[in-house]
Amino acid sequence: MKVLIIEDEEELADSICTYLASEKFICEKAPDYQTAMEKIALNEYACILLDITLPDGNGIDILKELKRQEKIDGVLIISAKNSLDDKVYGLKSGADDYLTKPFHLPELGARVDAIIRRKSFDGKNVLRFDELVVDLNEKTVTFQMQLLDLTRKEYELLLYFIGNKNKVITKNAILNHLWGDNMDMMYNYDAIYTHIKNLRKKMVQAGAPDYFKTVYGLGYKFIIP
Amino acid sequence: MKLFQRYNRVNLLITIVIFLLASFTFHYFIVHVLVKQIDDDLEIEQREIQTYVKKYNRLPEPIPVRDQVITHTPIPAPIKEQTFTSTTLFDSLSNGNGIFRQMVFSINVNGQWYKILVAKSEEDTDDLIEEILLIVLTTVIFMLLASFIINRIVLKRLWNPFYNMLESFNQFRLGKKQELNFKPTDIDEFELLRKTMQQTINKAESEYHILKEFTENASHEMQTPLAIIRSKLDLLIQDEALSETQSKMVQSAYSAIEKLNRLNQSLLLLTKIENSQFEKVSVINLKQKVEEKLAEFLELWDNQQVLVTAELKEITILMNNELADVLLNNLLSNATRHNYTGGRIAIFLDADHLRIVNSGNRHSLDEEKIFQRFYKSVQSSESNGLGLSIIKQICDVSGFTAIYGYEPGIHTFIIRW
Chain A
814 MKVLIIEDEE
824 ELADSICTYL
834 ASEKFICEKA
844 PDYQTAMEKI
854 ALNEYACILL
864 DITLPDGNGI
874 DILKELKRQE
884 KIDGVLIISA
894 KNSLDDKVYG
904 LKSGADDYLT
914 KPFHLPELGA
924 RVDAIIRRKS
934 FDGKNVLRFD
944 ELVVDLNEKT
954 VTFQMQLLDL
964 TRKEYELLLY
974 FIGNKNKVIT
984 KNAILNHLWG
994 DNMDMMYNYD
1004 AIYTHIKNLR
1014 KKMVQAGAPD
1024 YFKTVYGLGY
1034 KFIIP
Chain B
240 MKLFQRYNRV
250 NLLITIVIFL
260 LASFTFHYFI
270 VHVLVKQIDD
280 DLEIEQREIQ
290 TYVKKYNRLP
300 EPIPVRDQVI
310 THTPIPAPIK
320 EQTFTSTTLF
330 DSLSNGNGIF
340 RQMVFSINVN
350 GQWYKILVAK
360 SEEDTDDLIE
370 EILLIVLTTV
380 IFMLLASFII
390 NRIVLKRLWN
400 PFYNMLESFN
410 QFRLGKKQEL
420 NFKPTDIDEF
430 ELLRKTMQQT
440 INKAESEYHI
450 LKEFTENASH
460 EMQTPLAIIR
470 SKLDLLIQDE
480 ALSETQSKMV
490 QSAYSAIEKL
500 NRLNQSLLLL
510 TKIENSQFEK
520 VSVINLKQKV
530 EEKLAEFLEL
540 WDNQQVLVTA
550 ELKEITILMN
560 NELADVLLNN
570 LLSNATRHNY
580 TGGRIAIFLD
590 ADHLRIVNSG
600 NRHSLDEEKI
610 FQRFYKSVQS
620 SESNGLGLSI
630 IKQICDVSGF
640 TAIYGYEPGI
650 HTFIIRW
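In the order they appear, the protein sequences are chains A and B.
Residues in the first sequence are numbered from 814 upward in steps of one, following our numbering.
Residues in the second sequence are numbered from 240 upward in steps of one, following our numbering.
This is how it looks when you write it as structure tokens:
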């Protein structure tokens, strides 16, 4: 699956590319409006990461052009503009999601994953990891046909980890994902420990192996052991 | 004391003193002039007698004239000088004693010396002086009264531009982008004041905008490097070969980035509020909003075993929706952050205020400083010291007041609208 990163900041584009490429994605970079338009005209992308402030144009115009050409590419806006109006404007212009800088790469990964899921499997939204099956419509998780009784946060957490499988996810990134704007008061990570502990326990009780691997003081990695 | 009141007092006092002095001098001169007049009359009388004696060689018959007494008594030798004196004499006409001006001189008639006394009543003079004084006094009183009234009215009108300027200056808030409606006046001093004030304000305003713009630009420019650093760290930790020491360093770097990011977001938010980017207001069901927030925070409170109670009335207010979110978020996270495990939080929503009470530190926050930027009750605290100033700023733009109160171990924040 191909992903186009329209971002003038080369270092950031590189990071995103490296992160996404380690998964199943082929990344292409477009540092400006002109290059981006050319690439869009020539290729089909599963997802386009779009910075709306570009040196030679406005990202929203690219978005409008995509809609005009009726391309089905999913678009995720990445912007330094974080006001509600900017977000609303971006989403109304046809973007699928809006992420403000600075973001965590796993957060970006999860969002890209979600966009592609929505775009590619419309209807039968089922996600598999090892023998875990997540029904995205029903919002249920089963392990070997056994239903896990998860809370909303635990479900979100599991999706986040599956979307970033085999990657180290920091506690900060988890905080950011689960609580968003409210995270600035979560100075202790107790809530995360509790959530991970419960999620682990529920999966182990259903007979699953311990998919969570603790990485020193940094965070966790979701892998098939 | 008001300027014109003080001016009036001084003015009145000096006027009275001047009038008193003037009246005394006036009185003195009038008396002097009138007495001189009588003395002249007496001298004419003397000359008349002398001419009569020279012509007829005998003394004239004294004719009784009103207010005038002439007597002659034979004396052995002439009196050296003629003298003018005031004395009390019997006035045959008015049948009573009166003040007289008299003149005594001697004259020789056929070898016999006579002492002649000529006197004129001062009664008329006194009457005249009295009348003059009365007129002067009435004039003085009327003039004082008139000056007082004129001062009051005229000064008030004259100072009007000054008070107008003061009024609009008082309502002026830096950064509100409002025009100062100082009306031009035709009084040079006020016009100078107006121009100076206008210039000062314009300068302050432009510098304020430059500063705000700087903050906003700086915050915006910081986003990209922050995003790069964070993404590089995210990549770095994917490296399997990280040692424990390296992991710790990466973790510290993460925390620092996190702090910087929060600080940046807060500064941006403050600047945006100041730049009136949240002017759109809508009717907000506050009860519903608080309940939504409570649901969001519930998990957090469960974790810290904080007991939360809420008494919420059905209230709608008019404010910016986004700011309402931030306000509630900040208030609730504030009450959570400065709490302890097993503490309490109570939320009351009433017709005109929202009150959030929480258990916490056994010392009061500095009421003077809490709403200032970067104020921290504990220096090492994890907060960036902007949360409360954001609350204050939101209250300011929404026309609310934020009040902090402290009782031992209990902190209260009240938002009144």
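Ideal Cβ placement from N, Cα and C applies to all residues, glycine included.
Exclusion of the five residues before and after Thr-955 (chain A) leaves Val-946, Leu-961 as the residues of its chain whose Cβ lies within less than 7 Å of its Cβ. Here Ala-927 (chain A) is buried. Its C-beta has 16 or more other C-beta atoms within 10 Å. Restricting attention to B:Ile-255, B:Ser-505, B:Gly-337, the CA atom closest to the CA of Leu-562 (chain B) is found in B:Ser-505.
Segment contact: the stretch 340 to 360 of chain B against the stretch 288 to 301 of chain B, three or more CB-CB distances shorter than 8 Å; contact assigned. Under the Cβ distance rule, Tyr-493 (chain B) counts among the residues neighbouring chain A, one pair being separated by less than 8 Å. Going by DSSP, His-917 (chain A) is part of no beta strand (DSSP E) at all; its letter is neither H nor E. Looking at B:Phe-381, B:Thr-312, B:Ala-641, the one whose alpha-carbon comes closest to that of Lys-354 (chain B) is B:Thr-312. For Thr-953 (chain A), the enclosing beta strand (DSSP E) stretches over residues 953 to 956.
In this model, Asn-856 (chain A) and Lys-815 (chain A) are separated by some 9 Å (Cα to Cα). Annotated three-state conformation of Asp-564 (chain B) is helix, per DSSP.
His-577 (chain B) sits in coil when the DSSP states are folded into three classes, being neither helix nor strand.
In summary, the residues of the stretch 452 to 465 of chain B whose CB is separated from some CB of chain A by less than 7 Å are His-459, Gln-462, Thr-463, Leu-465, in the order they occur in the chain.
Annotated as distal: Val-522 (chain B) and Asn-559 (chain B), with beta-carbon spacing of 8 Å or more. Among the CB atoms of chain A, one or more fall inside 8 Å of the CB of Asp-473 (chain B). When C-alpha distances from Tyr-1029 (chain A) are compared across B:Phe-339, B:Tyr-246, B:Lys-487, B:Leu-508, the shortest belongs to B:Lys-487. With respect to the C-alpha of Leu-281 (chain B), the residue from B:Leu-242, B:Thr-322, B:Asn-247 having the closest C-alpha is B:Thr-322. With a cutoff of 8 Å on beta-carbon distance, Arg-1013 (chain A) and Asp-1003 (chain A) are scored as not near each other. Proximity of Val-816 (chain A) to chain B, defined by a Cβ-Cβ separation below 8 Å, is not satisfied. If you look at Ala-492 (chain B), you'll find it in the alpha helix (DSSP H) that goes 483 to 513. In the DSSP annotation of this structure, the continuous segment of the alpha helix (DSSP H) that includes Phe-536 (chain B) starts and ends at 525 to 542. When 8 Å is used as the limit between beta carbons, Lys-980 (chain A) is near these residues of chain B: Gln-477, in chain order. Under the criterion of beta carbons closer than 8 Å, Ser-386 (chain B) and Thr-254 (chain B) qualify as touching, at roughly 7 Å. Counting along the chain, the unbroken alpha helix (DSSP H) around Arg-881 (chain A) starts and ends at 872 to 881. The alpha helix (DSSP H) runs lying completely inside the stretch 345 to 422 of chain B and spanning 4 residues or more are 362 to 389, 395 to 409, given in chain order. Rounded to the nearest angstrom, the gap between the Cα atoms of Glu-483 (chain B) and Gly-648 (chain B) is 41 Å.
Between the C-alpha atoms of Ile-586 (chain B) and Leu-546 (chain B) there is a straight-line separation of about 11 Å. DSSP places His-592 (chain B) in the strand class (E or B) of the three-state scheme. Distances from the alpha-carbon of Ser-628 (chain B) to those of B:Trp-656, B:Tyr-291, B:Ile-512, B:Asp-473 put B:Ile-512 closest.
The Cβ atoms of Tyr-1006 (chain A) and His-990 (chain A) do not sit closer than 8 Å to each other.
In the DSSP assignment, Glu-607 (chain B) falls outside any alpha helix (DSSP H), carrying neither H nor E. Within chain B, no C-beta atom comes nearer than 9 Å to that of Asn-1011 (chain A); the closest sits roughly 12 Å away. Spanning the alpha carbons of Leu-432 (chain B) and Gln-410 (chain B) requires a straight line of approximately 17 Å. Between the alpha carbons of Ala-574 (chain B) and Gln-527 (chain B) lies a distance of about 20 Å. Each residue's CA atom was taken as its position, placing Asp-943 (chain A) and Ala-492 (chain B) some 34 Å apart. Annotation for Ile-929 (chain A): Met-814, Ala-859, Cys-860, Gly-887 place their beta carbon closer than 7 Å to its own, counting only its chain and skipping 5 residues before and after. Contact annotation: the stretch 452 to 467 of chain B touches the stretch 820 to 840 of chain A, with at least three C-beta pairs closer than 8 Å.
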